[in-house]
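Chains A and B, in that order, are what the protein sequence lines are. This note's numbering puts the first residue of the first sequence at 1, with every later residue one more than the last. This note's numbering puts the first residue of the second sequence at 207, with every later residue one more than the last. The structure appears right after this line, and notes come after that.
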Amino acid sequence: MVSALALTADGKRKAGPVARGDWFVVLFDPNSLIAAIAHSGDRAAFAKLFDHFAPRVKGLLMRGGAPAELAEEVAQETLLAVWRKAALFDPAKASASTWIATIARNLRIDIARRETRSRLSQVYEILDDEAPEQPDETLSGAERDARVRAAMTHLSPDQYRVVELAFLEEFSHQDVADRLAIPLGTVKSRLRLALSHLRARLEDLR
Amino acid sequence: MSILHRPSDETLAAFAVGQLDEGLAVVVACHIEADQESRGRLRELRAVQGALLDAAEPVAMASGPSPVATAARPEGASVEAAPMSEGMPKVLRPYGLGPWRPIGIRIAMRRVEVPGADARVFMLRAGPGISLPHHKHTGFEWTTILAGAYEHEYGRYAAGDFDEADAEHDHTPRVDPVEGCTCIVAMTGSVQLQGWLGRLLQPLVRF
């Protein structure tokens, strides 16, 4: 944490290869970057977060079928929200990626349902503020993410693909079926199986 | 509160992704708020979304951080304390609630205004010991019990329980003889109510 903060202490962006290679993987610590924004409005930290996450949010949405312009808008808005809400980020609740994915989902819902005056994103925010599980069951967000990632490696390629597509919000189960050229019933049963595998793996890891 | 009935994995996943009709989502949210285990499962599903974000192929942005982004100072960590209405799920705060209207002997209903929802959402309060109208329906009927309990052939449903019924179900819930029952319901499709109570309710359900 200290080293990542030190890197940005001069308030300037470091030149050089910031988005690729092992060197980057070692140094990229989103939690520290978010903390730096919260504590001191660190613009260099923000630039790093932006460079890492904005293209991924955009990529994820486009993979889900969103037009490039919309995906760009959501990515911009998501990172803007990261800047504004940095002080609300709680690593005990969720990892940075999960937190940012959640912000992107809420914005996506707000935009998709704008005409209908949807309040769904408020509902999600209220649930997120709820007290966590029993203290003895509480995992840090990073630990939970690590377990979920470990569990996801145990899915068959077919199951992984269905989960991946089903979790892209633009896609209904029918869209997933069309994409993979498999019957709707197969999508549903594969997804059901994948989710129950995930659940069983997570219970083993508990 | 010991919760026995929970949403299926697929329902919870659809909720996590934001794919559910908002009316159905609100009823699921009432359950999640009451149930620690479902909250834990929801966090795991969100972690799946986080993992998928990390695995996403980056697509170059057309423009860098907008200057607006960093013009303002980040907000403080203050969380506004919203007023709590007693006994009501917090997730209903964003929505308007109609007045309680009696719709029969010891049964009252109030609308929950969910703009943009296809499902009709309402709360139902029934006195101890009565049977809710026997009915069939064509779509979904999802219920979260807010207080008291009812019972039908699939078991007893008490505060916090989630009842995920589809068109296959044809049931007559019996309300707890001591506590009565208050629940929130989202319905899609059409409902055919049977019996004298059903005929009384019919015009009200089709709002």
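Ideal Cβ placement from N, Cα and C applies to all residues, glycine included.
Give the DSSP-derived three-state secondary structure of B/Gly349 in the structure shown. Note that residue 349 of chain B is Thr in the sequence shown here, rather than Gly. B/Thr349 falls in the strand class under three-state DSSP.
Could you tell me how far apart the beta carbons of B/Leu251 and B/Ala219 are, in whole angstroms, since I believe they sit closer than 8 Å? 6 Å
Distance CB(A/Leu107)-CB(A/Val74) smaller than 8 Å: yes
So what's A/Ala121 in DSSP terms, helix, strand or just coil? Here the sequence assigns Ser to residue 121 of chain A, which means Ala is not the residue at that position. In the structure shown, A/Ser121 sits in a helix (DSSP, three-state: H, G or I).
Within 8 Å, strictly: CB atoms of B/Gly229 and B/Ala323: yes
What does a CB cutoff of less than 6 Å around B/Ser396 pick up in its chain, not counting 5 residues either side in sequence? Thr344
Count Cβ pairs between the segment 239-246 of chain B and the segment 40-60 of chain A that sit closer than 8 Å; are there 3 or more? no
Determine the extent of the alpha helix (DSSP H) in which A/Pro157 is found, giving its start and end residues. Pro157 to Ala166
With DSSP collapsed to three states, give me the class of A/Met62. helix
By a C-beta neighbour count over all protein chains shown, 10 Å radius and 16 as the cutoff for buried, is A/Glu72 buried or exposed? buried
Members of the segment 178-206 of chain A near chain B, C-beta cut-off 8 Å: Lys188, Leu191, Arg192, Leu195, Ser196, Leu198, Arg199 and Leu202
Between A/Ser95 and chain B, is there a C-beta pair that is closer than 8 Å? yes
CA-CA distance, A/Arg199 and A/Pro67? 33 Å
Around the C-beta of A/Ala92, are 16 or more other C-beta atoms found within 10 angstroms, so that it is buried, or is it exposed? exposed
Does the CB of B/Arg249 have a neighbour CB from chain A at under 8 Å? yes
Measure the Cβ-Cβ separation of B/Met329 and B/Cys389 and say whether it is below 8 Å. yes
At the level of alpha carbons, what is the spacing between A/Asp175 and A/Met62? 15 Å
B/Ala365 and A/Leu127 closer than 8 Å at C-beta: no
Does any CB atom of chain B fall closer than 8 Å to the CB of A/Glu130? yes
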